[in-house]
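In my numbering, the protein residues as written are 90 to 367.
To keep things clear, I will list the structure first and then write my remarks on it.
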Ligand code: DGL
């Protein structure tokens, strides 16, 4: 069988649990496909690390998914999309991976963000890496140059999620602190994007801290819709995605911990297999 005739699951990569918020929307939107999720929980968070390290870790994860037979990998991680996607697409998908595709989450999020604000002032919560990269502002400038973007880096939010501290006073404290800081930059913000896949898990506390008039955008549904559209527009890639409704989960951490945390975060125990990326 020729390489391009082989079918495989759609790969989803994240630094940890956050990508599961994107994955659950993708699965809901496109239930017939097979999926392979890889969470680099052992090395999360990525958001406070240097460009080189994020690129190296992301490439290791993407290669593991490509080697597992994925024709298409979604970087369901803003930090990885901001810091590694372009290099991977331009440099690393050559030779034996030339017929594979890797997509990120920033472009589909920006496309939608630009259509939602009526005040012309949008806010963004993200990891320090995503905010420092300025990727959202750069993409927004191309599509919606009139929209002003105010950004707030929230280094504590991912550890709160990865350690299941989302219903604690610590979560309320750190969420309020960054919400206040963002709106102190510009009180007229009417739309806020959660530019980190972990953040939708903080939605109940975010909703308490952010004024009701402000829309809070969770990327999961946007990315799922954009993937459905991509598959429609790229039948050659779509044909290579296997469709048995199967799912497989890989984690670089201890699988029983992955299971018990998914039980607490998603009310569903997800059994993962261990994978070593080093
Ligand atoms: N969930 C990832 C994102 O969307 C990053 C979390 C991390 O810092 O590891 O940015």
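For glycine and all other residues, C-beta sits at the position ideal for the given N, C-alpha and C.
Query                                                                                                               : Result
beta-carbon residue 287 near the ligand DGL non-hydrogen atom, thresh 7 Å                                           : yes
Where residue 232 falls, given that 16 or more other Cβ within 10 Å makes a residue buried                          : exposed
Cβ-based neighbour list, residue 263, same chain, cut-off 8 Å, excluding 5 preceding and 5 following                : 243, 245, 246, 249
Between the CA atoms of residue 211 and residue 205 - distance to the nearest angstrom                              : 9 Å
8 Å Cβ cutoff met for residue 162 and residue 191                                                                   : yes
Boundaries (first-last residue) of the beta strand (DSSP E) holding residue 121                                     : No beta strand (DSSP E) contains residue 121, which DSSP labels as neither H nor E.
Endpoints, the beta strand (DSSP E) within which residue 101 is located                                             : 99–103
Range of the contiguous alpha helix (DSSP H) that encloses residue 188                                              : Counting along the chain, residue 188 falls outside any alpha helix (DSSP H), and DSSP gives it neither H nor E.
Beta carbon of residue 110 nearer than 8 Å to that of residue 168                                                   : no
8 Å contact criterion, which residue 187 and residue 143 should meet: CB distance rounded                           : Between residue 143 and residue 187 the Cβ distance is about 24 Å, and since that is not below 8 Å, they are no contact.
Beta-carbon gap between residue 284 and residue 214 smaller than 8 Å                                                : yes
With 16 other Cβ atoms within 10 Å as the buried cut-off, status of residue 315                                     : buried
Given residue 200 as reference, the closest of 230, 352, 113, 146 once Cα atoms are compared                        : 230
Own chain, CB closer than 8 Å to residue 334, minus 5 neighbours either side, in chain order                        : 120, 121, 122, 123
Residue 361 versus residue 337: straight-line alpha-carbon distance, rounded                                        : 7 Å
Residues that residue 360 bridges to, as DSSP identifies them                                                       : Residue 360 pairs with nothing; no bridge assigned.
Beta-carbon proximity list for residue 294, same chain, < 6 Å, skipping 5 on both sides                             : 260, 261, 264
Residue 341 Cβ short of 7 Å to the ligand DGL heavy atom set                                                        : no
Rounded distance between the beta-carbons of residue 96 and residue 329, thought under 8 Å                          : 6 Å
Segment contact, 8 Å Cβ cut-off, at least three pairs: the region 218–225 with the region 100–118                   : no
Continuous alpha helix (DSSP H) stretch holding residue 235: start and end                                          : It is not in any alpha helix (DSSP H) - residue 235 carries neither H nor E in the DSSP assignment.
Residue environment, residue 272, which counts as buried when at least 16 other CB atoms sit within 10 Å            : buried
Cβ-heavy atom distance, residue 225 to the ligand DGL, below 7 Å                                                    : no
Status (buried if at least 16 other CB within 10 Å, exposed otherwise) for residue 141                              : exposed
Sequence-distant residues of the same chain with beta carbon closer than 7 Å to residue 277, five excluded per side : 208, 210
Residue burial classification, residue 156 (beta-carbon count within 10 angstroms, cutoff 16)                       : exposed
Residue 247: CB within 7 Å of a non-hydrogen atom of the ligand DGL                                                 : yes
Cβ-Cβ distance between residue 133 and residue 308 below 8 Å                                                        : no
Residue 255 to residue 290 span [Cα, whole Å]                                                                       : 7 Å
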